[in-house]
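A quick write-up on the structure given underneath.
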C-alpha cells in the first residue's frame, strides 16, 4: 500500500487508491518525533508545576538565553551528522570554545569592534574549520570520528593556550544580551533566524542530495550526486551554526571561557539523539533537534527546582544518563506502535499534547492565586523564588507542588497570562488551519478528535479558573483534583 | 621474473635517494666525530664504512622489495627526470614542507638550531621515508610496523634531547602510566573489534575509584571490597552490552548515557550521610598501594606489580585472540556478522562478553589508580575518555570492527606514553601536549588507516 503510494505519488489525486495511499504515507511522517514530543510536554508540565515563574516574561527570557547556545550547537551537529559515515563531530564543543576565546582576545586587542565584523568572524571561522574537516575526510579518507577526535584534543588544548583561565569582556553591544529580561532578546532573534534558515535549506535540492548521501553514499554516488561538494556544503553549514552558537554562548557568559565550551560536545550529542536523529546519518530534523535541546534544558531546570543541595550535579548527571538511555530504548518500540496506529501524525500529537500542557500551565499559573491572596503575611516573607530543600524522606512521596509565588511574581503572571493565551491561541489556530487544508480531502477523523479534545481541555481549564475565582475561601482540593485529571 | 641470484637493479630515483641519504648520514658522522675530537684517520675510516654499509643495506633491502616495481618501467616515452618527478611528487612536496618548517623554527626560536635538533630532524625524515617505502610491503601488520618505527624514533630523539629520558626510573614511570592506560584500553580494543565503542570506561574508572574507597571506609575488608567493585564493574559492562546490542549503531551514545548515570549514581550513594559531597576519605591498604605505586616491588624485584599484571594480560589476550577458536570467532563477527551468524556464532553472547570484559578492566583500572593516588576522586578517569580511543586508533585497530588486536593497541599506548613523556621533558604544558596529541593522531592514522575511494567501493 505504501509502496504504491510512493510510486503513484506524482500522478495527482485523480485515482482514489493513490489518495488513500498518500494518506497512509502522510500519516507516517517521522514517528521518531514521538519520544521527544512526549518528553517535552511531560517536562514542561512538571517544570511549570514545580516553578510557575518559568511562564513569565523573565523566566522565558532567561530560558531562551540559556538554551540557545545548546540548541544552535545541536543544529551544528545535526548538519554534519546527516551527511553520514558516522560523522559525529566531537569537536563541536571545543570549536565553540575556540571561537569564543579568540573573539574575546581579538576584541580585547581592539581588532574586532564592529558587530557585523564579529558575526562575520565567528561564522567564517566555524565554516573554515569545518571546511578543512570536510577536506580531510574527503581527500585523506580517514574516518570522520578520528578527525573529530583529533580536532577535539587539538582545539581544547589550544583554547587553554589562548586564554588560560576564564575572563575577559564580551563586546560592548553584547553586554545586556545575557540579562534575559525579555523574551524578544537579540539571542532569540538569532535562534529564530537560524531555525528559519534551516527550514528554508530543507526546501532545496541540495538538502535532498544530502539526505540521500547520508543514508546511502554509494547510491548517491552512482546516481550522480556530487558527493564531495555536498559533503563540503554540509560541513560549512555546520560551521556557520557553530559560529552562531559561539556568539550566543559569549552573550550568555559575557566573557571568555576556555573549558566551558567543551562540555557542549556531550550535551549536544545527547540532545541530538534525544531529538530522534540517527547518528548513522540521513535522518535528523530541526524540529526534533530543537525539542531535544529544549528537553535537556528542561531536565536541568526541573532538577534545579528540587534543590538537592551539594549532590545537585550528580543528580543531573544521573538523570541525563538515564533519560538518554530510556529514550533510546523507547525508539525501539516505535515500529510496534507504527504497526498498530496507522494514522499517527506528529503535528497532531504535538497539538493535542500542547493543549493538555496549556491546561497544566493555566492551572499552575492561576490556581494558586486564592491561596496566595489568603495568606499575604506568609508570602511577604518569601521574597525570593528559591525553595527550601526537601527532606530526603519526602523526596519521593512528597507533594508535587511546593511553589509559593510571591506578590511580584503574581503580578507578573497576571500580566503575562493574556499574552501567553493569545500567543498559544494564534499557534493553535494556525496549526488547525494547516491541518484543515492538508486533510480536507482525506477521510479521517483525526482533526475532529483533536478539536474535541482541545475544546474539552480548554473548557476544563476555564471551569477550574472560574471556580478558583468565585470561591476565594474554598479548600484547595479542586486544583489538586484537576492536576490528576489533566495529567 | 629476474633470477634472484644476482642483486636486482634499482631504479635511478631510488639509487639517488639512497646515495644522498648515505652521504648525509656520513656527513653527520664526520661532523660529530670532529666535535668529539677524534683523530682524523678514525673519522675517515668510519665515514667510508658508514657510507659503504648504508649503500649496501639500501641496495639489498630496497632491492628485495622494488624488484617488481622497477620492471615495467623499463622503456617509457617520458624522460627519466619527469618520471621521477611524477612518481615522487607528493613525497617531495612533503619533504619541502618539513624543511621549510624546520628553517622557520630555526630562524624564529633562539638556540633551536643545534646538532641534536638537526639529528632529530633527520631521524624524523628517515622514519617517514622508511615508512613510505617499506611500509607498503607490509600488507598485514603495516600499522604495527609504522607504530614501532615511530616508537623507536621518538625514543631515540627523546633520549638524545632530554637529560635522563632513557634512565631506568623514567622508563619505569613511563611503563607504569602505560600500564594504566593499557589496562583501560583492553575493553575499548575488544569492543572496537566488534564494531562498537565503549565511552563508559572513564566513568566506570572514576566510579570504581570512589566506590572502592567508600566500601573500605565502611569497614568492608579490602579484598572483599575489591571483589565487589570488580563484580559491579562487570555487571555494568553486561548492561552496556545488552543495551548496545539492542540499539545497534548507537553504542557511542548508549555507553555515554550509562556512563553519566553510573558516575552520578555512585556519587549520590557515596555522598549520602557524608558532609563532603563527592569526596571520599579513607585508608588505602598497603598491598593496594604497593600494587600500583612507583616504589612498589614484585616478589622483591624493584618494579610495581601493575606492570607485571599488564604483561600477563597482554600475553593472555594476544595468545587467546590468535590461537583459540573463541578469539578467532571474535574477528569473524567483526568482519561480517551475517556470515558469522550463519556459522552459529552467538552475536549477543559476544557483545555481552566483550562489554563485560570492558567493564571489568575499567573497574580494575579504577582500583589500581586508587592504589597509585591514595585518594578517591571521581574525575580520575576523565582523561581516559579520549585516550583509550586514541590508543586504539593509533595502534591500528579499525573502529569498524574485525581488524587489529590488543598487540596493536599496546603499541599505540606506548607511542602515546613516550610522546607524552617527551613533551613533558621538553617543558611543554598540559594544554600544548593535548594540542600536539590532537595534531599528531591524524597523520599517524592517515599513514595506514585510509579507507578506499568511493569509486572502488561500488
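Chains as they are written, first to last, in the numbering used here: chain A, 371 to 857; chain B, 2 to 459. Glycine included, every Cβ here is placed at the ideal spot set by N, Cα and C. Small disclaimer: the values here were computed from a predicted structure and weren't measured.
By the CB criterion at 8 Å, residue 404 of chain A and residue 719 of chain A fall inside the cutoff. Using a CB distance cut-off of 8 Å, residue 304 of chain B does not count as an interface residue toward chain A. For residue 597 of chain A, a Cβ of chain B is located within less than 8 Å of the residue's own Cβ. By the rule that beta-carbons nearer than 8 Å mark a contact, residue 688 of chain A touches chain B. For a Cβ distance threshold of 9 Å, residue set 394, 399, 400, 401, 446, 450, 452 of chain B lies close to residue 513 of chain A, ordered along the chain. Scanning the segment 143-171 of chain B from its first residue to its last, the whole alpha helix (DSSP H) runs of 4-plus residues come out as 143-162.
Within chain A, 587, 588, 591, 597 have C-beta atoms less than 8 Å from the C-beta of residue 455 of chain B, given in sequence order.
In the structure shown, residue 259 of chain B adopts helical secondary structure according to DSSP, grouped into three states.
Rounded to the nearest whole angstrom, the C-alpha separation of residue 283 of chain B and residue 417 of chain B is 33 Å.
Judged by DSSP in its simplified three-state form, residue 400 of chain B adopts coil rather than helix or strand. Here residue 547 of chain A is near residue 557 of chain A, since their CB atoms are less than 8 Å apart.
Interface residue (Cβ-Cβ distance to chain A less than 8 Å): residue 261 of chain B is classified as such.
Residue burial annotation: residue 562 of chain A is exposed, with fewer than 16 other C-beta atoms found within 10 angstroms of its C-beta.
The alpha-carbon separation between residue 375 of chain B and residue 205 of chain B amounts to approximately 18 Å.
By the Cβ rule, the segment 517-532 of chain A counts as touching the segment 450-461 of chain A, because three or more pairs are nearer than 8 Å. When Cβ-Cβ separations below 8 Å define contact, residue 439 of chain B makes contact with chain A. Chain A places a beta carbon closer than 8 Å to that of residue 387 of chain B, counting this residue as a contact. Judged by DSSP in its simplified three-state form, residue 635 of chain A adopts helix. Here the C-alpha atom of residue 248 of chain B lies approximately 14 Å from the C-alpha atom of residue 239 of chain B.
Neighbours of residue 638 of chain A across chain B, judged by C-beta separation under 8 Å, do not exist; the nearest C-beta is about 11 Å away. Sequence-ordered contacts of the segment 515-540 of chain A with chain B read 515, 516, 517, 519, 520, 521, 522, 523, 524, 525, 526, 527, 528, 529, 530, 531, 534 [C-beta pairs closer than 9 Å]. Shown here for residue 553 of chain A: same chain residues with a beta carbon closer than 7 Å to its own, the five before and five after excluded, namely 427, 430, 431, 434 in chain order. Within chain A, 519, 523 have C-beta atoms less than 8 Å from the C-beta of residue 391 of chain B, given in sequence order. Counting only the Cα atoms, residue 211 of chain B lies some 8 Å from residue 371 of chain B. One thing to note: residue 320 of chain B has its Cβ no nearer than 8 Å to the Cβ of residue 209 of chain B. The C-beta of residue 432 of chain B comes closer than 8 Å to at least one C-beta of chain A. If you draw a straight line from the Cα of residue 485 of chain A to the Cα of residue 474 of chain A, it comes to about 13 Å. In this structure, B/234 is the residue among B/234, B/226, B/347 with its C-alpha nearest to the C-alpha of residue 203 of chain B.
With contacts defined by Cβ atoms closer than 8 Å, residue 412 of chain B and residue 214 of chain B do not form a contacting pair. Excluding sequence positions up to five before and after residue 671 of chain A, its CB lies within less than 6 Å of the CB of 417, all in the same chain and listed in chain order. Residue 454 of chain B counts as exposed, since fewer than 16 other beta carbons sit within 10 angstroms of its beta carbon. Nearest CB-CB separation between residue 680 of chain A and chain B: below the 8 Å threshold. One Cα belongs to residue 190 of chain B, the other to residue 329 of chain B, and the distance between them is close to 15 Å. Three or more beta-carbon pairs separated by less than 8 Å are not found between the segment 620-636 of chain A and the segment 603-612 of chain A, which leaves the two stretches without contact.
Chain-order list of chain B residues neighbouring residue 450 of chain A: empty, with the shortest C-beta distance near 15 Å, by a criterion of under 7 Å. Three or more Cβ pairs closer than 8 Å define a contact, and the segment 329-341 of chain B meets that threshold against the segment 393-403 of chain B.
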